[in-house]
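K.L.:
For reference, each letter of the sequence shown is one residue, going 594 to 856 in the numbering used here.
Take a look at the following structure, please.
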Amino acid sequence: TKALALADAAADAGFQAYKAQCVDADALLSDPSIPFTDDRGRTYPIGEALQAAGRFTPEEWRTLRDYCTAHHLLFYATCDSLAGVDLMESLGVPAHKACAHDLTYLPLLKRMAATGKPVLYDRGPAADWEYRTASDRLGWRGLPMHAPHPTPSGDWQLTRMRMLIDPWGYSAPGREAWGDHAAVALGARILEKRLTLNRADPDGHHHTIALEPDEARDWVREIRALEAAFREPTWGYGSAAQQVEMGKWRRHPSDWKRPLVRA
């Protein structure tokens, strides 16, 4: 299936975790006939989109979890219902995730916090008081993620990264990497990036803003290189190679005492 093939691609690219979407359309929607327009401009009832996203049976979820584990990928999911949290708990996930639109659904946050596990939650475009309320409800278990949900006019609000409680992360809304670079530079502990097997796939949503496997592999290498470039624990020469280079080219201290001669 595509879910298992995505695990193969994620492991090959160098990702460390696989986050799925556990959607309960019946619990989430009061009117499944509300029109929904996807990122290809197609409009159809939102119930159809969400039913497709949450169609796994418990056994299929277990198969996906086991497959991820075999590929050394942490497996967890974004849940929008209490039943979804319970399902993920039955699978022994190491963490839970709440999307930005659920920050005001306090019963869901309470259920996640009650597991005693880390809870990633999207800060998104929520108001400050909504973020603070969610943060208070989750306590030390909460790990805020900046998820900008930008509109065509912008609304990236990357300065909010500086306002998040450490540890924090960044949930990228698209293929561009500059937001990811900013997050690494500012100290993000987790980066989320969408992955697709084929951006031209007509089924599903968000394929157009996801990385394909080859792109994902390059992206991980780039992030790891940037991460290493910021890894400087103390002031000093750095690596052994850098020490050799400095010893080869630096001015000797005795040169400092020589008079400056101008022509």
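We put the CB at the ideal spot given by N, CA and C, even for glycine.
1) Use the C-beta contact count for residue 716: other C-beta atoms within 10 angstroms, 16 or more gives buried, fewer gives exposed.
2) What's the C-alpha gap between residue 733 and residue 759?
3) Thinking just about the alpha-carbon of each residue, which of 744, 731, 708 and 697 is nearest to the one in residue 723?
4) On the DSSP letters alone, give me the boundaries of the beta strand (DSSP E) that residue 712 sits inside.
5) How would you call residue 763, buried or exposed, if buried means at least 16 neighbouring beta carbons within 10 angstroms?
6) Give the DSSP-derived three-state secondary structure of residue 821 in the structure shown.
7) What first and last residue would you give for the beta strand (DSSP E) that runs through residue 614?
8) When you compare the CB positions of residue 757 and residue 737, do they come within less than 8 Å of one another, or not?
9) Quick one: give me the first and last residue of the alpha helix (DSSP H) that residue 680 is part of.
10) So, are the CB atoms of residue 671 and residue 690 less than 8 Å apart?
11) What are the complete beta strand (DSSP E) segments, minimum 3 residues, inside the region 621-649?
12) Under a Cβ-count criterion, where at least 16 other Cβ atoms within 10 Å of its own Cβ denotes burial, should residue 618 be classed as buried or exposed?
13) Roughly how far, in whole angstroms, is the beta-carbon of residue 704 from the beta-carbon of residue 678, given that I think they are within contact range, below 8 Å?
14) Thinking residue 639 and residue 667 are a contact (beta carbons under 8 Å), I'd like their distance in whole angstroms, please.
15) If we call anything under 8 Å between Cβ atoms a contact, is residue 657 one with residue 702?
16) Rounded to whole angstroms, how far is the Cβ of residue 669 from the Cβ of residue 688, which I believe are closer than 8 Å?
17) Just to confirm, is the Cβ distance from residue 632 to residue 802 under 8 Å?
18) Any heavy atom of the ligand GDP closer than 7 Å to the beta-carbon of residue 816?
19) Do residue 806 and residue 610 come within 8 Å of each other at the CB atom, strictly closer than that value?
20) Let's test the definition: count the other Cβ atoms within 10 Å of the Cβ of residue 824 and tell me whether it reaches 16, buried, or not, exposed.
21) Using alpha carbons as the reference points, say which of 840, 681, 778 and 664 lies closest to residue 822.
22) Starting from residue 816, follow its DSSP beta bridges and name the residues at the other end.
23) Have a look at residue 741 and residue 711 and give me their C-alpha separation to the nearest angstrom.
24) Measuring straight from C-alpha to C-alpha, what distance separates residue 613 and residue 772?
P.N.:
In short:
1) buried
2) 10 Å
3) 697
4) 712-715
5) buried
6) helix
7) 610-615
8) yes
9) 675-683
10) yes
11) 628-630 and 636-638
12) buried
13) 5 Å
14) So it is not a contact: roughly 30 Å between Cβ atoms.
15) no
16) 5 Å
17) yes
18) Annotation note on the ligand GDP: not contained in the displayed structure, which lists no ligands.
19) no
20) exposed
21) 778
22) According to DSSP, which records beta bridges pairwise, residue 816 is partnered with nothing at all.
23) 21 Å
24) 22 Å
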